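Quick notes on the structure that follows.
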Amino acid sequence: MTASIKNKIKTSFTLRGIEFKNRVFVASGTFGYGDEVRKLVDVSRLGGIFTKSLSWKPRAGNPPQRIVETASGMLNSIGLANIGVHTFIEQKLPYLRKLDTRIIPNIAASSLQEYCDVLELLEEQEGIAAYEINVSCPNVKEGGLNFGTDCSMTGKITASLRKLTNKTLIIKLTPNVTHISEFARTVEAEGADAVSVINTLIGMAIDIKTRKPKLSTVTGGLSGPAIKPVALAKVYEVAKSVKIPVFGVGGIASAEDAIEFLLAGATAVQIGTMNFVDPVISVKIADGLEIYAREHGILDMGTLVGALDADLKFSVLQSWL
Amino acid sequence: MVQQLCKVESCDEVAAKTFLLRFASSEITASAQPGQFVNVLAAEAGEGPLLRRPFSIARVDGDIVELFFHAIGTGTLLLSRKRHGETIDVLGPLGQSFRVDADYDTALIVAGGIGVAPFPFLTADLLKRCKRIETFVGYRNAGQILTSHLQNIHIATDDGSKGFHGNVVQLFEPFLDRTDLGKAKIFACGPTVMLKALSELAKRKNICCEVSLEGHMACGVGLCQGCPVERTGDGSKYALVCKDGPIFLTTDIIL
Numbered sequence: 009m010t011a012s013i014k015n016k017i018k019t020s021f022t023l024r025g026i027e028f029k030n031r032v033f034v035a036s037g038t039f040g041y042g043d044e045v046r047k048l049v050d051v052s053r054l055g056g057i058f059t060k061s062l063s064w065k066p067r068a069g070n071p072p073q074r075i076v077e078t079a080s081g082m083l084n085s086i087g088l089a090n091i092g093v094h095t096f097i098e099q100k101l102p103y104l105r106k107l108d109t110r111i112i113p114n115i116a117a118s119s120l121q122e123y124c125d126v127l128e129l130l131e132e133q134e135g136i137a138a139y140e141i142n143v144s145c146p147n148v149k150e151g152g153l154n155f156g157t158d159c160s161m162t163g164k165i166t167a168s169l170r171k172l173t174n175k176t177l178i179i180k181l182t183p184n185v186t187h188i189s190e191f192a193r194t195v196e197a198e199g200a201d202a203v204s205v206i207n208t209l210i211g212m213a214i215d216i217k218t219r220k221p222k223l224s225t226v227t228g229g230l231s232g233p234a235i236k237p238v239a240l241a242k243v244y245e246v247a248k249s250v251k252i253p254v255f256g257v258g259g260i261a262s263a264e265d266a267i268e269f270l271l272a273g274a275t276a277v278q279i280g281t282m283n284f285v286d287p288v289i290s291v292k293i294a295d296g297l298e299i300y301a302r303e304h305g306i307l308d309m310g311t312l313v314g315a316l317d318a319d320l321k322f323s324v325l326q327s328w329l
Numbered sequence: 026m027v028q029q030l031c032k033v034e035s036c037d038e039v040a041a042k043t044f045l046l047r048f049a050s051s052e053i054t055a056s057a058q059p060g061q062f063v064n065v066l067a068a069e070a071g072e073g074p075l076l077r078r079p080f081s082i083a084r085v086d087g088d089i090v091e092l093f094f095h096a097i098g099t100g101t102l103l104l105s106r107k108r109h110g111e112t113i114d115v116l117g118p119l120g121q122s123f124r125v126d127a128d129y130d131t132a133l134i135v136a137g138g139i140g141v142a143p144f145p146f147l148t149a150d151l152l153k154r155c156k157r158i159e160t161f162v163g164y165r166n167a168g169q170i171l172t173s174h175l176q177n178i179h180i181a182t183d184d185g186s187k188g189f190h191g192n193v194v195q196l197f198e199p200f201l202d203r204t205d206l207g208k209a210k211i212f213a214c215g216p217t218v219m220l221k222a223l224s225e226l227a228k229r230k231n232i233c234c235e236v237s238l239e240g241h242m243a244c245g246v247g248l249c250q251g252c253p254v255e256r257t258g259d260g261s262k263y264a265l266v267c268k269d270g271p272i273f274l275t276t277d278i279i280l
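Residue numbers (our numbering), protein chains in the order written: chain A, 9 to 329; chain B, 26 to 280.
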């Protein structure tokens with residue numbers, strides 16, 4: 009892609025006064041702490057890196073088997089295995105903050121206090137653009153999905169963290185609820201700057217020879233292209249019901265997929281599972297978006313956001329909003 | 026580590042349901058070490074399984090990388106149908122290699138079934154280092170036997186159709202007792218139950234033992250955290266097969 013084309017198309021957007029250079033990000037838990045594939049991926053092309061979830065203490069994660077491939081997707085039960093926020097600050101952040109992209113730590117916790125402690129410690133550090141709060145991991149016994157499926161608890165976490173930071177606060181929502189838009193409205197009211205939609209869907213796979221579940225935790229989180237239509241509908245639902253920006257995430261595998269999410273109302277997109285298949289896919293998608301913009305005479309990618317041409321009088325969704 | 030589209034040189038069935046895939050990559054052959062693996066995408070998006078499949082590097086030959094695999098699922102069946110001139114998407118070389126430079130005189134290679142895969146490459150390296158090599162391979166039956174580019178081969182089959190009638194550990198153990206090996210080191214790959222038996226034997230005989238593990242993994246580079254193996258000692262509870270392995274000292278892990 010030539011410089012002149014890059015200059016012509018506006019790929020950036022601003023959130024709470026912070027400029028993100030691109031609408032394509034890599035999703036939490038699918039890009040480590042940015043160092044595993046640094047030789048392959050030009051992260052300076054991306055809007056930012058959502059880090060692997062961070063808790064106060066390191067978490068060993070769940071026993072094997074943690075991964076099962078399913079039709080056009082995969083189930084995982086990693087169990088928030090992570091190095092803990094202290095090691096992150098000592099060993100990963102010095103490298104991350106030198107990268108020419110925004111760094112967004114994802115915070116996971118088993119108590120309200122732990123969320124606050126992790127965020128407060130990160131507040132003292134340089135080089136952090138925003139926070140993403142994981143209230144919706146399906147693979148840990150305590151906390152995790154229990155918070156994410158409890159609307160008042162999700163609101164309480166948001167309100168508590170809002171008091172602790174002036175930085176952008178993004179809440180990652182679970183689709184494993186009846187109406188995700190209720191949760192989006194709640195966190196918006198409590199001061200969240202954006203939401204990430206969606207985390208994984210709860211799923212399961214069984215080995216019929218042994219009659220045992222394939223995952224050690226029986227159920228896990230389904231991700232990948234299999235969930236894209238679900239994610240797209242959730243993004244649409246949430247974008248219709250709140251004013252804050254939506255990060256669309258769920259099975260995005262191509263620039264075409266990313267454009268669908270923008271049209272459905274996502275301000276930006278996160279690439280998740282497909283990073284495992286093709287570590288450079290996020291950059292390919294960023295390239296593809298610019299090619300699409302050039303071909304369609306689009307000068308600002310922002311004009312695609314929510315530009316869905318839909319006749320809403322047939323929409324079943326209206327009754328939920 | 027590189028990610029590239031590589032041209033397939035050939036793919037042939039060399040034993041029952043077992044294929045030898047040869048593809049060209051001077052970048053991979055230039056840096057690969059015995060025990061490392063590649064993560065291969067057999068088909069374009071939507072035309073096959075979503076995730077890559079990890080395979081030990083069986084051998085390098087000039088610019089050619091060789092892989093052995095069993096065609097047992099959708100991904101490996103697709104791969105087995107690759108023909109000369111077609112391409113595969115390869116990420117590699119990945120993981121840690123066998124530690125061949127350690128202090129020992131005799132390398133004892135023990136393989137179960139398709140676990141033979143990393144050993145032609147290791148054998149070539151050991152020959153350069155002038156180590157004595159004894160190779161023990163166990164298969165279900167005579168139809169599955171693969172022995173190319175190995176040295177001093179001892180064969181066991183479960184059904185007795187060739188060589189020793191029994192499993193490879195049963196064949197291997199008496200050899201330890203009756204042979205003067207100098208200082209020995211075991212290199213092994215195969216089913217977990219075999220590696221476990223071997224690991225206990227190595228401990229009893231006080232022989233250093235390195236194993237190549239298989240793991241269910243998505244990325245092969247440490248991003249997904251999907252392939253834990255329990256570690257011994259203090260520190261973190263799990264190591265990752267892809268990044269910390271696939272080669273481990275048996276004293277470092279709990280099989």
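C-beta atoms are modelled at their ideal positions from N, C-alpha and C, and glycine is treated no differently. As the structure is a prediction and not an experimental result, all values here were calculated from the model.
Requested in this report: Please confirm whether any heavy atom of the ligand SAM lies closer than 7 Å to the CB of B:Gly60.
Outcome: With respect to the ligand SAM, the structure offers nothing, as it holds no ligand at all.
Query - Cα-Cα separation between A:Lys236 and A:Gly258, rounded to whole angstroms - result: 5 Å
Query - Outcome for B:Gln61 when other beta-carbon atoms lying within 10 angstroms are tallied against a minimum of 16 - result: buried
Report task. Have a look at B:Ile97, B:Ser81, B:Pro118, B:Gly168 and flag the residue whose alpha-carbon is nearest the alpha-carbon of B:Ser51. Result -> B:Pro118
Requested in this report: Can you give me the Cβ contacts of A:Lys14 inside the same chain, cut-off strictly under 6 Å, excluding the 5 residues immediately before and after it?
Outcome: With a pLDDT of only 49 at A:Lys14, under the threshold of 50, the placement of this residue in the model should not be trusted, and no figure is reported.
Query raised in the report: What residues from chain A crowd round B:Leu30, counting only those whose CB sits closer than 8 Å?
Result: What B:Leu30 touches in chain A: nothing, since even the nearest Cβ is about 11 Å away.
Requested in this report: Would you mind telling me which residues of chain A sit closer than 9 Å to B:Leu248, beta carbon to beta carbon, in chain order?
Outcome: Gly37, Thr38, Phe39, Gly40, Glu44, Val45, Lys60, Asn283, Phe284, Pro287
Query raised in the report: Hey, which unbroken runs of the alpha helix (DSSP H) at 4 residues or more fall wholly within the segment 76-156 of chain B?
Result: 99-105, 144-153
Query - Residue of B:Cys249, B:Gly138, B:Asp126, B:Asp183 minimising C-alpha distance to B:Lys210 - result: Closest by alpha carbon: B:Asp126.
Report task. Reducing DSSP to helix, strand and coil, say where A:Val291 ends up. Result -> helix
Query raised in the report: For the putative contact between A:Thr109 and A:Ala138, defined by C-beta atoms under 8 Å, what is the C-beta separation to the nearest angstrom?
Result: About 12 Å separates the two Cβ atoms, so there is no contact after all.
Query raised in the report: Helix, strand or coil for B:Asn177 per DSSP?
Result: coil
Report task. Note the first and the last residue of the continuous beta strand (DSSP E) segment covering A:Asp158. Result -> Here A:Asp158 belongs to no beta strand (DSSP E), and DSSP marks it neither H nor E.
Query - One or two residues paired with B:Tyr281 in a DSSP bridge - result: Nothing can be reported for residue 281 of chain B: it is not among the residues displayed for chain B, which extend from 26 to 280.
Query raised in the report: Is B:Lys156 near B:Thr182, with beta carbons less than 8 Å apart?
Result: no
Query raised in the report: Leaving out five residues before and five after B:Ala17 in sequence, what residues of the same chain have Cβ atoms less than 7 Å from its Cβ?
Result: Examination of residue 17 of chain B is not possible in this model, given that chain B is present from 26 through 280 alone.
Query raised in the report: What does B:Lys156 touch in chain A if you count any residue whose Cβ is under 9 Å from its own?
Result: Chain A residues near B:Lys156: none, gap ~33 Å exceeds 9 Å.
Query - Residues within the segment 69-83 of chain A neighbouring chain B, beta-carbon criterion of under 9 Å - result: Gly69, Asn70, Pro71, Pro72, Gln73, Arg74, Ile75, Val76, Glu77, Thr78, Ala79, Ser80, Gly81, Met82
**Report entry** Secondary structure, beta strand (DSSP E): runs of 3+ residues fully inside the segment 173-245 of chain A
**Finding:** Listed in chain order, the complete beta strand (DSSP E) runs (minimum 3 residues) inside the segment 173-245 of chain A are 176-181, 202-205, 209-212, 227-231.
Report task. Round the Cβ separation of B:His190 and B:Glu159 to the nearest angstrom and send it over; I've been treating them as touching at under 8 Å. Result -> In fact, because the Cβ distance is near 20 Å, the residues do not count as touching under 8 Å.
Report task. Report yes if the CB atom of A:Ile112 is closer than 8 Å to the CB atom of A:Tyr123, and no otherwise. Result -> No, these two residues do not count as a Cβ contact at 8 Å.
Report task. Kindly indicate if chain A contains any beta-carbon less than 8 Å away from that of B:Cys244. Result -> yes
Query raised in the report: Name the chain A residues whose beta carbon is nearer than 7 Å to that of B:Gly251?
Result: Arg74, Ile75, Asn84, Ile86
Query raised in the report: In or out: A:Lys47 buried (at least 16 other Cβ within 10 Å) or exposed?
Result: Residue burial is scored here from C-beta neighbours: A:Lys47 has fewer than 16 other C-beta atoms within 10 angstroms and is therefore classed as exposed.
Query raised in the report: From B:Arg124, B:Gly240, B:Pro271, B:Lys230, pick the residue whose C-alpha is nearest to that of B:Leu295; which is it?
Result: With chain B covering 26 to 280 only, the question about residue 295 of chain B has no answer from this structure.
Requested in this report: Just tell me which of A:Arg31, A:Ile206, A:Glu27 has its CA closest to the CA of A:Leu312.
Outcome: Comparing alpha-carbon positions, the option among A:Arg31, A:Ile206, A:Glu27 lying closest to A:Leu312 turns out to be A:Arg31.
Query raised in the report: Three or more beta-carbon pairs under 8 Å between the segment 153-167 of chain A and the segment 212-227 of chain A, yes or no?
Result: They do not touch, by the three-pair rule.
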